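Below is one structure, written out as structure tokens, with a few remarks after it.
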Amino acid sequence: MTVAEIMETRNTFSFEVFPPKTDVGMEKLCGKGGVLDQLYTLNPDYISCTYGAGGTNVGKNLEVLKKIKDDGKSVPVTHFTCVANTKEGIKDQLQTYLDNGIDHMLALRGDIPFGWTGTNGDLHYATELVKFVRKEFGDKFTIAVAGSPEGHISCRSLEADISFLKQKQDEGADYIMTQLCWDMDAFRYWMDAIRAAGIWMPVDVGIMPVLDASATINMALSRNACVMDRKLCEIISKNWIFPNPFAPNESEESIAAKKASFKEAGIEYTIKQIDEYRVCGINGIHLYALNKFDDVARIAKESGIIDLI
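Heads up, the numbering used here is the position in the sequence shown plus 97, with the first residue counted as 1.
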């Protein structure tokens, strides 16, 4: 059963991991008793795997996905971008995924590497990628596409962004995986707006657990331009590491205490946010596992998105 088919019957629960750059990292993720084996104990419907800007770490990406496929405990979903990809290269790479039993993908334009002015490839937008994949491979792939509840940072307006999302649907996409969004008012408006625009695709909500102040600030501002709501800002302010989280000069004891306090408050914040998402008519929760287990397992269990019976 495909992820899209599962969403027709119930909400899904899934994780995102990333391909480590080192052999030690790969062993921690993919080795016996590693993070993937631990994530399987939570019975996720699928596990997606990213790769770096410009297609870096593609080999490790495939290695992680092959492990998931061979283990047979969850559906593997690859991220796939237009960046630095020719049409022939896209065909070859996607055929390799199919040859390894990987038939789910998240079709993305991809983050443009620093200093580039475009994708430096034959395709420039995710809409083109979806159309190309459907033309070349028919229904062999289940295709997810990104949705930006606050509008993509590169798009001229939220309305334009929604129109492009509709175009992805028209080109053959199956479901939406959202970018992170902490502004629930913006999310609820977006849900109403995409349905009014005739977008019927299921919505799988991407959630980054709030565990570390510097990582949270970086994720919000470096690529996504996400609004940090008052509650999240309060958590950051109450646990601020001076002079800033990126260049602290407090004592090690003070820093450790603030990080622990922030993490506890951040986990509680994430669980409450999941509660809010679940009453918005969504079709799934997609947790960024950050290649860790304990924290995301706690969030999954305490939020009630997995069956503990």
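By construction, the Cβ of each residue, glycine as well, lies at the ideal position given by its N, Cα and C atoms.
Small disclaimer: the values here were computed from a predicted structure and weren't measured.
Expressed to the nearest angstrom, what Euclidean distance is found between the alpha-carbon atoms of residue i and residue j?
| i | j | result |
| --- | --- | --- |
| N217 | G244 | 23 Å |
| P210 | W287 | 28 Å |
| A394 | G401 | 11 Å |
| T106 | D189 | 34 Å |
| I338 | G128 | 35 Å |
| G410 | E350 | The question about residue 410 has no answer, for the chain in this structure spans 98 to 406. |
| C377 | G156 | 37 Å |
Cutting at 6 Å between CB atoms, please list the residues of its own chain near residue i, excluding the five before and the five after it.
| i | result |
| --- | --- |
| M281 | E373 |
| D120 | none |
| C252 | D258 |
Considering only residues of the same chain and omitting the five flanking positions on each side of residue i, which have a CB-CB separation below 8 Å?
| i | result |
| --- | --- |
| E268 | T224, V227, K228 and R231 |
| N336 | A310, K355, K356, S358, F359 and A362 |
| A101 | T239, D271, Y272 and P299 |
| G215 | I209 and H221 |
| I403 | F110, L139, N140 and A397 |
Mind checking which residues open and close the beta strand (DSSP E) that includes residue i?
| i | result |
| --- | --- |
| E113 | T109 to V114 |
| L205 | H201 to L205 |
| I332 | That residue, I332, is in no beta strand (DSSP E); its alpha helix (DSSP H) goes R327 to K335. |
| F359 | That residue, F359, is in no beta strand (DSSP E); its alpha helix (DSSP H) goes E349 to R375. |
| V172 | V172 to T178 |
Could you tell me the boundaries of the alpha helix (DSSP H) in which residue i lies?
| i | result |
| --- | --- |
| T224 | A223 to F234 |
| A283 | M281 to A293 |
| D301 | That residue, D301, is in no alpha helix (DSSP H); its beta strand (DSSP E) goes V300 to I304. |
| V393 | D391 to S400 |
| S145 | S145 -> not in any alpha helix (DSSP H); beta strand (DSSP E) instead, spanning Y143 to C146. |
| I382 | Element bounds for I382: not the alpha helix (DSSP H) but the beta strand (DSSP E), G381 to Y385. |
| T313 | A310 to M316 |
Below 9 Å between beta carbons: does that hold for residue i and residue j?
| i | j | result |
| --- | --- | --- |
| D392 | K369 | no |
| D219 | R320 | no |
| A204 | A290 | no |
| L136 | F343 | no |
| Y366 | K398 | no |
| I382 | D326 | no |
| M202 | T175 | yes |
| D142 | S171 | yes |
| T275 | F261 | no |
| Y148 | T193 | no |
Got a sec? Which residues, its chain only, sit under 7 Å from residue i by beta carbon, not counting five neighbours each side?
| i | result |
| --- | --- |
| L126 | V114, P117, V132, L133, V161 and N388 |
| M104 | Y272, P299, N380 and G381 |
| K164 | C127 and L133 |
| Q266 | I296 and M298 |
| M486 | Missing from the structure shown is residue 486; the chain here goes from 98 to 406 and no further. |
| D200 | K237, F238 and T239 |
| A312 | none |
Could you check if residue i is buried or exposed, using at least 16 other CB atoms within 10 Å of its CB as the buried criterion?
| i | result |
| --- | --- |
| I406 | Bear in mind that a pLDDT of 44 at I406, under 50, signals an unreliable position, so the model cannot answer this. |
| W213 | exposed |
| L139 | buried |
| N341 | exposed |
| A322 | exposed |
| E185 | exposed |
| L318 | exposed |
| S254 | exposed |
Answer with yes or no whether the minimum CB distance from residue i to chain D is below 9 Å.
| i | result |
| --- | --- |
| A181 | No chain D is present in this structure, which holds just one protein chain. |
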